[in-house]
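Visitor:
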Ligand code: GCO
Ligand code: MG
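In our numbering, the protein residues as written are 178 to 578.
Right, here's the structure in full:
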């Protein structure tokens with residue numbers, strides 16, 4: 178079998194998704210997600226202009242060799258654009274192999290370690306009362322793990338609470354989250370979890386995302402203050418560009434720590450893992466080099482008691498949810514998977530074999546990844562320029578979004 182074409186499909190069914198479709202001379206094709214939120218067209222161009230021409234004529238069976246060719250052969254290694262492009266090719270090749278052999282990807286990865294991977298989903302509110310109600314709603318739907326975010330009194334616009342986008346003259350400009358105040362946030366979050374725990378009890382896993390906004394010592398304080406609430410994890414307390422900063426956080430709290438949705442290779446977390454500074458690594462299939470690389474990262478983490486809790490927000494396409502599902506049921510130290518519903522119009526573009534039931538994501542038994550794309554439906558919903566928000570602190574300077 179030979180690769181004869183690679184098509185990059187950019188579509189916006191409620192938000193932008195980039196899908197790579199690798200076609201072979203035998204009529205089989207494989208799909209991979211190449212979406213990098215806010216920088217979608219950079220990956221599309223990297224694939225179209227530089228990667229796809231190198232793939233034509235290759236045997237798609239040789240997944241490892243193609244991965245190494247794209248990684249080492251480019252000379253310029255790593256980085257989100259490169260690694261997302263490599264991931265899209267890698268996942269499309271695993272999809273193709275499964276289809277060629279008539280078996281699901283989870284079977285190629287060593288079979289099932291579990292029937293479905295536990296997922297966590299998102300609760301949010303504009304007030305503590307609303308957040309509590311949202312957690313109760315999700316628990317009643319069968320979710321056993323819920324991430325809780327809530328608007329902080331006195332902060333105008335907040336990450337993770339679903340506030341409407343303000344109307345602006347130019348909708349293509351990034352939205353701005355104003356008034357970020359660490360002091361207000363740190364005063365409020367313990368109150369939020371006091372309320373949620375006293376209402377829902379300890380039978381549900383609660384998670385929280387600090388979205389890179391704290392310093393290590395602030396993170397240590399928050400983790401310690403939340404210890405009695407037994408969070409499943411505190412996520413991204415600080416950006417992990419400086420991996421050793423987690424030493425300081427670790428010395429101050431036993432609240433479990435998760436980090437890494439922006440990681441794109443094992444080198445981003447090697448120290449975090451080896452020194453056991455984190456409990457969960459959030460690197461994902463589409464942003465960390467595909468199934469081939471994420472499996473190696475998980476294998477490094479296993480002896481150090483670090484498990485995976487992969488990023489799975491709605492800006493990762495339904496093709497990535499499929500890849501996450503196959504990874505999650507097969508890999509032994511996969512602990513949990515983030516899950517957020519995709520926008521409704523995505524159902525017209527992507528046909529999926531995975532399901533979420535009773536708080537678990539099951540990849541299903543279709544050959545390959547078990548997902549398909551309707552290219553005509555995708556074409557009717559063209560790319561729309563959009564950016565992630567920018568965060569500004571009370572003093573007007575740019576903070577971490
Ligand atoms: C999460 C993430 C997201 C990211 C988004 C960026 O934990 O789900 O933090 O909300 O901000 O996916 O593209
Ligand atoms: Mg996050």
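Using N, Cα and C, we set each Cβ at its ideal position, and we do this for glycine too.
Please look up how many angstroms separate the CB atoms of residue 503 and residue 260, rounded, as I've assumed it's under 8 Å.
Guide: Indexing the chain shown from 1 puts residue 503 at position 326. Indexing the chain shown from 1 puts residue 260 at position 83. At roughly 19 Å, the Cβ-Cβ gap does not stay under 8 Å, so residue 503 and residue 260 are not in contact.
Visitor: Got a sec, what are the start and stop residues for the alpha helix (DSSP H) residue 434 sits in?
Guide: Position 257 of the chain shown, counted from the first residue, corresponds to residue 434. First-last for residue 434: 434-436, but that is the beta strand (DSSP E), not the alpha helix (DSSP H).
Visitor: Taking the alpha carbon of residue 580 as the point to measure from, which residue in 283, 387 and 544 has its own alpha carbon closest?
Guide: In the structure displayed, the chain extends from 178 to 578; residue 580 sits before or after that span and is not available.
Visitor: Among 232, 298 and 237, which has the Cα closest to the Cα of residue 537?
Guide: Within the chain shown, residue 537 is the residue found at index 360, counting from 1. That would be 298, whose Cα lies nearest to the Cα of residue 537.
Visitor: DSSP three-state label for residue 417, please.
Guide: Translated into the one-based positions of the chain shown, residue 417 becomes position 240. Three-state DSSP puts residue 417 in coil, outside helix and strand.
Visitor: How many Å lie between residue 343 and residue 356 at the Cα?
Guide: As a position in the chain shown, residue 343 is number 166, starting the count at 1. As a position in the chain shown, residue 356 is number 179, starting the count at 1. For residue 343, the predicted structure reports a pLDDT of 49, less than 50, and the residue's modelled location is therefore unreliable. The matter cannot be settled from this model.
Visitor: Assuming contact is defined by CB atoms lying nearer than 7 Å, are residue 182 and residue 203 in contact in what I supplied?
Guide: The residue labelled residue 182 in the question sits at position 5 within the chain shown. The residue labelled residue 203 in the question sits at position 26 within the chain shown. Cβ atoms of residue 182 and residue 203: not closer than 7 Å.
Visitor: According to DSSP, simplified to helix, strand and coil, what is residue 182?
Guide: In the chain shown, the residue the question calls residue 182 occupies position 5. Three-state result, residue 182: strand.
Visitor: CB residue 185 to CB residue 217, shorter than 7 Å?
Guide: Residue numbering aside, residue 185 sits at position 8 when the chain shown is read from its first letter. Residue numbering aside, residue 217 sits at position 40 when the chain shown is read from its first letter. Going by C-beta atoms, residue 185 is not nearer than 7 Å to residue 217.
Visitor: Our contact map puts residue 268 next to residue 232 with C-beta atoms below 8 Å; I'd like the distance itself, whole angstroms only.
Guide: Sequence index remark: in the chain shown, residue 268 carries index 91 (1-based). Sequence index remark: in the chain shown, residue 232 carries index 55 (1-based). Rounded, the Cβ-Cβ distance is 14 Å, inconsistent with contact.
Visitor: Can you give the Cα-Cα distance for residue 284 and residue 409, rounded to whole angstroms?
Guide: Position 107 of the chain shown, counted from the start, is the residue given in the question as residue 284. Position 232 of the chain shown, counted from the start, is the residue given in the question as residue 409. Cα to Cα, residue 284 sits roughly 29 Å from residue 409.
Visitor: Once DSSP output is grouped into helix, strand and coil, what is the label at residue 227?
Guide: As a working note, residue 227 is residue 50 in the chain shown. It is helical.
Visitor: Please name the residue or residues paired with residue 411 in a DSSP beta bridge.
Guide: For this step, residue 411 is matched to residue 234 along the chain shown. DSSP output for residue 411 lists 385 and 434 as bridge partner(s).
Visitor: Go through the region 479-557 residue by residue and report every complete run of the alpha helix (DSSP H) that reaches 4 residues or more, in order.
Guide: The region 479-557 contains these whole alpha helix (DSSP H) runs: 495-507, 523-526 and 552-556.
Visitor: Measuring straight from C-alpha to C-alpha, what distance separates residue 422 and residue 384?
Guide: As a first step, residue 422 must be located in the chain shown, where it is residue number 245. As a first step, residue 384 must be located in the chain shown, where it is residue number 207. Looking at the two C-alpha atoms, the distance is approximately 21 Å.
Visitor: Let me know if residue 374 comes out buried or exposed under the rule of 16 or more other beta-carbons within 10 Å of its beta-carbon.
Guide: Translated into the one-based positions of the chain shown, residue 374 becomes position 197. Classification for residue 374: buried.
Visitor: How would you write the range of the alpha helix (DSSP H) that residue 248 sits in, first residue to last?
Guide: As a working note, residue 248 is residue 71 in the chain shown. Looking at the DSSP string, the run of the alpha helix (DSSP H) that includes residue 248 is 240-249.
Visitor: For residue 193, is the classification buried or exposed, using 16 other Cβ atoms within 10 angstroms of its Cβ as the cut-off for buried?
Guide: Reading the chain shown from its first residue, position 16 is the one you call residue 193. Burial call: buried.
Visitor: Is residue 302 helix, strand or coil by DSSP?
Guide: One-based indexing of the chain shown puts residue 302 at position 125. The answer is strand: DSSP assigns residue 302 an E or B state.
Visitor: Go through its chain and collect everything with a Cβ distance to residue 362's Cβ below 6 Å, but skip five positions before and after it.
Guide: As a first step, residue 362 is located in the chain shown; it is residue number 185 there, counting from the start. Taken in chain order, the residues that qualify are 329.
Visitor: What residue range is occupied by the uninterrupted alpha helix (DSSP H) comprising residue 258?
Guide: Taking the first residue of the chain shown as 1, we reach residue 258 at position 81. Counting along the chain, the alpha helix (DSSP H) containing residue 258 begins and ends at 257-278.
Visitor: With a cut-off of 8 Å, do at least 3 Cβ pairs link the region 427-435 to the region 392-408?
Guide: Because the criterion of three Cβ pairs below 8 Å is met, the region 427-435 and the region 392-408 touch.
Visitor: Please classify residue 457: does DSSP put it in a helix, a strand, or coil?
Guide: As a working note, residue 457 is residue 280 in the chain shown. Strand at residue 457.
Visitor: Using beta-carbon positions only, say whether residue 486 and residue 450 come within less than 7 Å of one another.
Guide: Within the chain shown, residue 486 is the residue found at index 309, counting from 1. Within the chain shown, residue 450 is the residue found at index 273, counting from 1. No, the Cβ-Cβ distance between residue 486 and residue 450 is not below 7 Å.
Visitor: Do residue 457 and residue 484 come within 7 Å of each other at the CB atom, strictly closer than that value?
Guide: On the chain shown, position 307 is the one that residue 484 refers to. On the chain shown, position 280 is the one that residue 457 refers to. Yes, these two residues count as a Cβ contact at 7 Å.
Visitor: Distance, Cα to Cα, residue 555 vs residue 489?
Guide: Your numbering for residue 555 matches position 378 in the chain shown. Your numbering for residue 489 matches position 312 in the chain shown. Cα to Cα, residue 555 sits roughly 21 Å from residue 489.
Visitor: Between residue 497 and residue 272, which are expected to be in contact by the criterion C-beta below 8 Å, what is the C-beta distance as a whole number of angstroms?
Guide: Your numbering for residue 497 matches position 320 in the chain shown. Your numbering for residue 272 matches position 95 in the chain shown. So it is not a contact: roughly 12 Å between Cβ atoms.
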